[in-house]
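The next block holds one structure in the form of structure tokens; read it before the comments.
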Amino acid sequence: MSTKIGIVGLPNAGKSSLFNALTNAGAEAANYPFTTIEPNVAVVPVVDRRLDAVASVVHASEIVYDTIDFHDIAGLVRGAHEGEGLGNRFLANIRETDAILHVVRAHHDERVVHPDGAVDPLRDIETVEAELALADLDQAQRRLERVGRAAKSGEPVARAEELWLREVIDALQAGKPARTVPIPAQAPNAARELCAITSKPVLFVANVDEGELDVPEAVAAHAADQQAGAVAISSRLESELAELEEQEADAMRKELGLSDSGLQRVVAGAFSLLRLIAFFTAGEDRPAQSWHLHEGLTAWHAAGQIHTEIQRGFVRAEVVAWDQLVQSGGYAKARERGLLRLEGRDYVMGDGDVITIRFTP
Ligand SMILES: Nc1nc2c(ncn2[C@@H]2O[C@H](COP(=O)(O)OP(=O)(O)OP(=O)(O)O)[C@@H](O)[C@H]2O)c(=O)[nH]1
Ligand SMILES: [Mg+2]
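Residue 202 in the numbering used here sits at position 150 of the sequence shown, with consecutive numbering throughout.
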């Protein structure tokens, strides 16, 4: 299942520029058959050079990167939760995402109008967070009405959920995100049912002046306070770079003193936020593929990512670290050197593992 990420921010913050940069860079770097599900959804391959190396030593037929879906929405203005500026409808689109990219304007280009007249990243963040909290509050109150009816009949799960919803409502009213309220053991699905936007992990993207490399201090401090991540990029610069050929773009980056692509930092930031690791499957004349899995999950979970049938019939896994496979020059040598291990279903997957699962159909 591909990871979904929603992009939020004030009007003119640079969301669509970032979205376009992600789209173009993905199409370019991975030769991905780009499909637009909807005009505002970009399917972006997660380019991983480790997979390229693996594919080459095992003589894979092709390279298939795992993807992330980015959802671009229109800017949130004050009052968005009340339907102002169609905000509520856009917010509904990102309730189903796994994480939020919060784009905040930090560049000082006077030709770009700021909806509040002046550049102030922290104020903007607080405006957007207030809208998200109010939208969640509305959602929580509606859910409470429904659950409250079931709770009256004494149903224990509904009662636990009702109590939790009341706590969430208190937190949101106090300006705190829903994620600060622990999920009750008796109603483990409560959070999934509510789909609160403020329960999702957040990566702040400070849209900085071209040539600026650092996240503004106020944004960094706010992110740290929220246990969120933060990266600095220039959306405009990245969207321009994404339109160039790869070599040209690299040369341009060097000239500007940028070490890596800002988009790589966005994707890497999102992944570390979601605590995802990458693993690979690859074989001769078969596609080499990358997959993502939550940190700490097992070979059995990895099997489930690949196919439910493979998970159901799981017998054992052959695992080798990607760099050991590459250094060995292929599976045969890796096996000879004892680097290819047999593992059971409870083996905890490592980042960069190459796995072959034996299963009974
Ligand atoms: N100088 C500069 N201008 C930028 C940058 N990012 C975006 N812009 C400009 O700001 C304007 C708005 O950018 P968009 O990416 O469309 O902003 P948005 O957040 O999608 O705005 P809405 O869709 O209206 O909410 C455009 O004219 C961009 O060219 C940047 O990093 N630097
Ligand atoms: Mg836009």
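By construction, the Cβ of each residue, glycine as well, lies at the ideal position given by its N, Cα and C atoms.
Exercise. Between which two residues does the beta strand (DSSP E) carrying V283 extend?
Worked result: 281-285
Problem set entry | CA nearest to the CA of A248, picked from R101, I146, Q279 | I146
Exercise. How big is the Cα-Cα spacing for G309 and N76?
Worked result: 22 Å
Problem set entry | contact_flag[the stretch 350-361, the stretch 373-386] where n(CB pairs < 8 Å) is 3 or more | no
Problem set entry | the stretch 249-260 / the stretch 176-188 touching (three or more Cβ pairs under 8 Å) | yes
Exercise. Beta-carbon separation of A210 and V220 under 8 Å?
Worked result: no
Exercise. In or out: L103 buried (at least 16 other Cβ within 10 Å) or exposed?
Worked result: buried
Problem set entry | Contact test: S68 Cβ vs ligand 3 heavy atom, cutoff 7 Å | Within the structure as shown, ligand 3 is missing, the only ligands being ligand 1 and ligand 2.
Exercise. From what residue to what residue does the beta strand (DSSP E) around K56 run?
Worked result: 55-60
For this session: In the DSSP assignment, find the beta strand (DSSP E) that holds R368 and state where it starts and stops.
Result: 366-373
For this session: Could you say which of H166, A282, D277 lies nearest to V267 if we only look at CA atoms?
Result: A282
Exercise. Nearest-angstrom Cα distance between R195 and F331?
Worked result: 38 Å
Problem set entry | Under 8 Å between C-beta atoms of R288 and S69 | yes
For this session: For the alpha helix (DSSP H) holding L224, just list the boundary residues, first then last.
Result: 208-225
For this session: Could you work out which residue in D190, Q238, A107 is closest to A212 when comparing CA atoms only?
Result: Q238
Exercise. For the alpha helix (DSSP H) that V271 lies in, which residues bound it at each end?
Worked result: 269-277
For this session: Below 8 Å on the Cβ atoms is my guess for F71 versus V156; work out the distance and round it to an integer in Å.
Result: Their Cβ separation, rounded to whole angstroms, is 15 Å, which puts F71 and V156 out of contact at 8 Å.
Problem set entry | C-alpha distance - G61 paired with A276, whole-angstrom precision | 19 Å
Exercise. In the DSSP assignment, what are the bridge partners of F331?
Worked result: W343, D405
Exercise. From A144 to L246, what does the alpha carbon distance come to, in whole angstroms?
Worked result: 12 Å
Exercise. Are the beta-carbon atoms of V95 and T119 separated by less than 8 Å?
Worked result: yes
Exercise. Using the C-alpha atoms, what's the distance from S286 back to R163?
Worked result: 15 Å
Exercise. How should Q225 be labelled, buried or exposed, when 16 other C-beta atoms within 10 angstroms of its C-beta is the threshold for buried?
Worked result: exposed
Exercise. Which value, in whole angstroms, describes the spacing of the CA atoms of V260 and V171?
Worked result: 11 Å
Exercise. Would Y383 pass as a contact of V110 if the rule is Cβ separation under 8 Å?
Worked result: yes
For this session: With a threshold of 7 Å, establish whether the CB of A126 neighbours any heavy atom of ligand 2.
Result: yes
Problem set entry | Spatial distance of G169 from E292 (CA atoms) | 26 Å
Exercise. Is the beta carbon of I329 sitting closer than 8 Å to the one on D222?
Worked result: no
Exercise. Among residues of its own chain, excluding the 5 on either side of A202, which ones have a beta-carbon nearer than 7 Å to its beta-carbon?
Worked result: A210
Problem set entry | Span separating the alpha-carbon of A151 from that of R231 | 12 Å
For this session: With a 10 Å radius around its C-beta and 16 neighbouring C-beta atoms as the bar for buried, classify R317 as buried or exposed.
Result: buried
Problem set entry | Euclidean distance between Cα positions of I177 and D337 | 49 Å
For this session: Determine the extent of the beta strand (DSSP E) in which A94 is found, giving its start and end residues.
Result: 93-97
Problem set entry | CB-CB length for V106 against A320, believed under 8 Å | Going by Cβ atoms, the distance from V106 to A320 rounds to 19 Å, so no, they are not a contact pair.
Problem set entry | Boundaries of the alpha helix (DSSP H) in which E336 is found, first to last residue | Here E336 belongs to no alpha helix (DSSP H), and DSSP marks it neither H nor E.
For this session: Return yes when the Cβ of L315 is within less than 8 Å of the Cβ of L74, no when it is not.
Result: yes
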